[in-house]
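In what follows, a single structure is set out as structure tokens and then discussed.
Residue numbers (my numbering): 1 to 387.
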């Protein structure tokens, strides 16, 4: 099998790596960045830390800090206006998945014009626009190394998947020290998101030897360290392992694909504003149970990579341990059901048919070991509501 592998041109990893930002930009021939971030990063002083580094290197820069959770097409359009107003030659995205996805989408729309919905799958965005350098501040989305961005269409409440070379960052700066202040809930949700990336990349119909190696390593790191990172936020070793696991999970699914969990997660986020990592966590055990019979060996491998069983244990028993472990992990990390989260039962039931259609339309369920139809997706939505 021939596989096409896509990665950023540079990846700088390690504690204090943010200090290398100016050097990374200069190595890429870039000199006037627009910093794309959010109000929390401004409040926490992370933006000032970054801009002081740029100032010390004599690099002129601007700031767009109006990004929002679950980035919307309207915010992207405002961001594109900011690019045009400042004549910038690149962007530096600082924050979690939302600022990074926002910067990617701004690059796409700035180059191609039109509306964001013009670029959603099955369209492939392979035209490269303004270069984006990503600096993640959570160990979760892997967006710093992926060819994907997800943007909400405000007219339809659809979370649109946009993919292609035009979404691939030029560079990633991965500094685990930026995650020390990330709270428990965000650490847990983004960590399970990373675990989901690795698992789905490994069981995907598009899996390959390259993505498999990153998926395996990510599962090992994340499962071994996620509890410690949540309970001991200043534990540098656990934070570093989670950050590396998130990057590896991103490399895995960017060069393979995500599958049914992500396809079903996006509509929950769009309709009920559930953070992406949390909606993945809500779905992961039930979707794994649905999918495992179609790829028993692959899911059994996941259990082995996570240290749940050794090679002497048969595949079915290994999968049973995996399902138990995923349920227990959600309990330990206090992952709520949609009902516990406060989602209205009547409204949830009302939009299940639309969510099922949107999930299928995203294309991700087609990569699943067992490809569901709309009714099977609807049944899983109903199953996870109350747990």
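No residue lacks a Cβ here, since even glycine has one placed at the ideal position from N, Cα and C.
Remember, it's a predicted structure, so these values are computed and weren't measured experimentally.
- Item | DSSP state of residue 6 mapped onto helix, strand, coil | Looking at residue 6 - three-state DSSP - the assignment turns out to be coil, as it is neither helix nor strand.
- Item | beta strand (DSSP E) runs contained entirely in the stretch 325-356, provided each spans 3 or more residues | For the stretch 325-356, not a single whole beta strand (DSSP E) run of length 3 or above is found.
- residue 7 and residue 251 look like a contact to me (Cβ under 8 Å); what is the Cβ gap, rounded to whole Å? Residue 7 to residue 251, Cβ: 7 Å. Contact.
- Task: Could you tell me which uninterrupted alpha helix (DSSP H) segments, each at least 4 residues in length, are contained entirely in the stretch 176-250, listed from first to last along the chain?
- Result: Runs of the alpha helix (DSSP H) lying entirely within the stretch 176-250, each at least 4 residues long, are 184-203 and 209-231 in chain order.
- What are the partner residues of residue 160, as DSSP defines its beta bridges? Looking at the DSSP output, residue 160 shares a beta bridge with 151.
- Message: Please identify the residue among 266, 305, 276 and 294 whose C-alpha is closest to the C-alpha of residue 352.
- Response: Taking only the C-alpha atoms, the option nearest residue 352 is 266.
- residue 30: which of 56, 89 and 50 sits nearest, CA to CA? The shortest Cα separation from residue 30 among 56, 89 and 50 belongs to 89.
- Cβ-based neighbour list, residue 74, same chain, cut-off 6 Å, excluding 5 preceding and 5 following: The beta carbon of residue 74 sits closer than 6 Å to those of 154, all from its chain and outside the five residues before and after it, given in chain order.
- Task: Reducing DSSP to helix, strand and coil, say where residue 39 ends up.
- Result: Residue 39 falls in the helix class under three-state DSSP.
- So, using beta-carbon positions, are residue 103 and residue 177 closer together than 9 Å? The criterion of a C-beta distance shorter than 9 Å is not satisfied by residue 103 and residue 177.
- Message: Taking the straight line between their C-alpha atoms, what separation do you get for residue 84 and residue 302?
- Response: Their Cα atoms are separated by approximately 46 Å.
- Message: Using a 10 Å radius around the Cβ and a threshold of 16 neighbouring Cβ atoms, would you call residue 180 buried or exposed?
- Response: Exposed, by the Cβ-count rule.
- Cβ separation of residue 391 and residue 197, assumed to be a contact under 8 Å, to the nearest whole Å: Outside the shown range of the chain (1 to 387) lies residue 391, about which nothing can therefore be said.
- Message: Am I right that residue 220 and residue 290 are in contact with their C-beta atoms under 8 Å? What's the rounded C-beta distance?
- Response: Taking 8 Å as the upper bound for CB-CB distance, residue 220 and residue 290 are not in contact here, some 25 Å apart.
- Message: Between 240, 288, 128 and 244, which has its C-alpha nearest residue 261's C-alpha?
- Response: Nearest C-alpha to residue 261: 288.
- Item | contact_flag[the stretch 160-169, the stretch 117-124] where n(CB pairs < 8 Å) is 3 or more | Under the 8 Å Cβ criterion, the stretch 160-169 counts as touching the stretch 117-124, having at least three qualifying pairs.
- Query: Looking at C-alpha atoms only, which residue of 130, 124, 194 and 20 is the closest neighbour of residue 147?
  - Reply: Checked all of 130, 124, 194 and 20; the closest Cα to residue 147 is 124.
- Is the distance from the Cβ of residue 233 to the Cβ of residue 183 below 9 Å? Yes, these two residues count as a Cβ contact at 9 Å.
- Message: Please tell me whether residue 134 and residue 173 are closer than 9 Å, where the distance is taken between their beta carbons.
- Response: Cβ atoms of residue 134 and residue 173: closer than 9 Å.
- Item | Contacting residues, own chain, Cβ-Cβ under 7 Å from residue 343 (five flanking each side not counted) | Hits under 7 Å: 272.
- Query: Since residue 72 sits in a beta bridge, which residues does DSSP pair it with?
  - Reply: Per DSSP, 152.
- Query: What does a CB cutoff of less than 7 Å around residue 295 pick up in its chain, not counting 5 residues either side in sequence?
  - Reply: Within the same chain, residue 295 has close Cβ partners 203 and 369.
- Confirm, please, whether the CB-CB distance from residue 259 to residue 205 is below 9 Å. Remark: C-beta atoms of residue 205 and residue 259 approach each other more closely than 9 Å.
- Item | Where the beta strand (DSSP E) containing residue 91 begins and where it ends | Note, residue 91: beta strand (DSSP E), 90-95.
- In chain order, what residues of the same chain have a beta carbon less than 8 Å from the beta carbon of residue 307, not counting five sequence neighbours either side? Counting only Cβ-Cβ distances below 8 Å, and skipping sequence neighbours, we find 220, 223 and 224.
- Task: Below 8 Å CB to CB, which residues in the same chain sit around residue 274 once its five sequence neighbours on both sides are set aside?
- Result: Closer than 8 Å at the Cβ level, and outside the excluded window around residue 274, lie 268, 282, 338, 341 and 343.
- Distance between residue 300 and residue 101 (C-alpha atoms, nearest Å): Distance between residue 101 and residue 300, taken at the CA atoms: about 33 Å.
- Task: Alpha carbon to alpha carbon, how far is residue 186 from residue 35? Give it in angstroms, no decimals.
- Result: The alpha-carbon separation between residue 35 and residue 186 amounts to approximately 23 Å.
- So, is the C-beta of residue 91 closer than 9 Å to a C-beta in chain B? The displayed structure is made up of one protein chain only, and chain B is not part of it.
- Task: Under 6 Å Cβ to Cβ from residue 188, same chain only, skipping five residues before and after it: list those, please.
- Result: When the five nearest sequence neighbours on each side are left out, the beta carbons in the same chain lying within less than 6 Å of the beta carbon of residue 188 are those of 230 and 333, in order along the chain.
- Roughly how many whole angstroms lie between the Cα atoms of residue 380 and residue 23? For residue 380 and residue 23, the gap between their C-alpha atoms comes out near 48 Å.
- Task: Please classify residue 43: is it buried, with 16 or more other beta-carbons within 10 angstroms of its beta-carbon, or exposed?
- Result: Residue 43 is exposed by the Cβ-count criterion.
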